[in-house]
Amino acid sequence: MEQATTQQAYSLFHQGTLALADVEANGMRVDVDRLDRTANKVTARITKLEGKLKNDEVYQTWRKRFGGKTQLGSRQQLGQVLYGEMGFKSDNKTKTGRVQVNESALEKVDHPFVKRYLEVEKLKKLKGTYLNGVKREVVDGLLHPSFNLHLVKTHRSSSDSPNFQNIPIRDKLIGKLIRSCFVAREGHQLVEVDYSALEFKIAACWWKDDAMVAYASDPTLDIHRDMAAECYCLPVDEVPKDVRFFAKNQFVFPELYGSYYVTCARNLWSVIESGGLKTKEGTPLDEHLLEQGIEQKDFEEHIEGVEEAFNDRFPTWSDRKEKWWNRYQRKGSFPLMTGFIISGVYSRNNLMNYPIQGPAFHCLLWSLIQMNRWLKQKRMRTKIVGQIHDSIVADVHEDELDDYLLLAKQVMTESIRKAWDWIITPLAIEAEVSPPGGTWFDKREVLL
DNA sequence: CACTGGAGCCAC
DNA sequence: AAACGTGGCTCCAGTG
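In terms of the numbering used here, the first sequence is numbered consecutively and its last residue is 739.
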């Protein structure tokens, strides 16, 4: 990272490196016996399911086609069997023109072999990447992942050996199998504190759009909920949680970072089925849209209208993003709010994303530095053991839980705003705590 | 045998 | 004019 920078940016990463070195040294406790038992169970399940796959007639076709080169893990081979030999239709191609044989493509193939294949692949990912990855790196019951500040173009962090920042959570079963192997130290509890809607708030700080700032400042307003309502023609107070989640990830963030209605419409439509999206009354969303007079063929035009309304809702953003892109094209470099100066060749979408992604993480890093410093100065038994972009994971002594939660709230929502006056929206946090003797999977939200 | 790029999947 | 961003890890397939 040989970029020009300011003293404050240098200092943030200097202090940040020292703090993250403490975090690495602290390490997260692992229940190695449970990890081993889980790995054995998952291996047995994989073996059993693979045995069934090998007895399927599809596998005979596969053997006939590839002989001794047959490999169950080869998606390319599976694609040839399904789309070449068995006559299933493939629609999507990869970047380089090969047939896509990913989960969403395979979900469209109605065959028990394929269904089972997907289940096995999920378990192999769990075993190969996560269970084995943790086992490989754990030392005396402690895991010490690396946290890097020198690798990411946006000046975010990354993590490796193992990557602590992509442990499964969305698939509840897979998440449970791996996360319940992470435990607190004796007499401690795991506590995860994360910033609420941090990237959207930082976007508001960056673009200084009044409506965006208002949305990011008023806890009763919720842009993801409201855009979900518009995209799927629902009343704002009848947006299910999963529908909000998809609107956030298939509309709001893509639009902020340079996508447009055609792509958004395609993705918003495809998650209706794959996500099993329904209204609160249980009507599938495609049926609900039909009742509102929107067929699949009308959906793109509908989202085009939602996009226009989104642009009108945040007029300063709409205006400033073009000027921002033009400014970069003249100068060839640009500053982040945290003092980093980025120069080099970047796309339009990079210019939309980098000023948000980096500084959002810097809020987390600044807070982690202060909290780590305080814990050490006060000789607390609580230790910070990890960091996931907008969240901090700590191994908290039971007697120090209240102090720690108070510290987090003070530093993450108040002190930081005194240090950085460019933060013009309130910041908020949420905390999840594992019960004494519980695991990372057992964390439950607590009121602050 | 070492290495590389693509594809896929996990997270935010 | 073009079309969301950032990572790490694993397996396969191909190269030398």
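Glycine included, each C-beta is placed from N, C-alpha and C at the ideal position.
Put simply, of V443, L309, E613 the residue whose alpha carbon is nearest the alpha carbon of R621 is E613.
In this structure, the beta-carbon distance from W731 to L698 does not fall below 8 angstroms. Shown here for I660: same chain residues with a beta carbon closer than 7 angstroms to its own, the five before and five after excluded, namely Q306, G307, A310 in chain order. For P526 and D577, the gap between their C-alpha atoms comes out near 16 angstroms. Check the Cα spacing between K734 and each of P531, F542, V443, E483: the tightest is with E483. Straight-line measurement puts the Cα of E723 at about 15 angstroms from the Cα of E691. The criterion of a C-beta distance shorter than 8 angstroms is not satisfied by Y408 and V390.
With 16 or more other Cβ atoms from the protein chains shown falling within 10 Å of its own Cβ, Y523 counts as buried. For G370, the CB contacts under 6 angstroms within the same chain, skipping 5 residues up- and downstream, are V390, V392 in chain order. Annotated as distal: A507 and A520, with beta-carbon spacing of 8 angstroms or more.
In the DSSP assignment, E483 is bridged to V684, E723. Restricting attention to Q362, D686, A719, the CA atom closest to the CA of V702 is found in A719. Checking the DSSP bridge columns, you'll see V321 partnered with F473. Counted as a single uninterrupted DSSP element, the beta strand (DSSP E) harbouring K674 occupies residues 674-678.
Taking 4 residues as the shortest admissible run, the region 526-558 contains the following complete alpha helix (DSSP H) segments, listed from N- to C-terminal end: 532-538, 544-547. At the C-beta level, K674 and N439 stay beyond 8 angstroms of one another. Contact between the region 399-413 and the region 333-348 is present, with at least three C-beta pairs closer than 8 angstroms. A Cβ-Cβ distance of about 5 angstroms is found for the pair V687 and Q480, placing them in contact under the 8 angstroms criterion.
Residue pairing by DSSP places P510 opposite no residue, since no beta bridge is assigned to it. Each residue's CA atom was taken as its position, placing A335 and W713 some 54 angstroms apart. With fewer than 16 other CB atoms across the displayed protein chains lying within 10 angstroms of its CB, S638 is exposed. E521 carries a helical assignment under DSSP once its states are collapsed to helix, strand and coil. With the rule of 3 Cβ pairs closer than 8 angstroms, the region 441-449 does not count as touching the region 321-334. Residue environment analysis places K539 among the buried positions, since at least 16 neighbouring C-beta atoms fall within 10 angstroms of its C-beta. Sequence-distant Cβ neighbours of I585 in its own chain, meaning closer than 8 angstroms and more than five residues away, are C524, H593.
The residue among K399, Q367, V321, G573 with its C-alpha nearest the C-alpha of G432 is V321. Counting along the chain, S449 sits inside the beta strand (DSSP E) bounded by residues 449-451. Sequence-distant Cβ neighbours of W608 in its own chain, meaning closer than 7 angstroms and more than five residues away, are W498, D500, M503.
By the beta-carbon neighbour count (other beta carbons within 10 angstroms, threshold 16), T385 is exposed. Considering only E529, R470, S561, I707, the residue with the shortest C-alpha distance to G729 is R470.
Nearest to L414 by alpha-carbon distance, out of H435, G466, V429, G623, is G466. A direct Cα-to-Cα measurement between V314 and G677 gives close to 6 angstroms.
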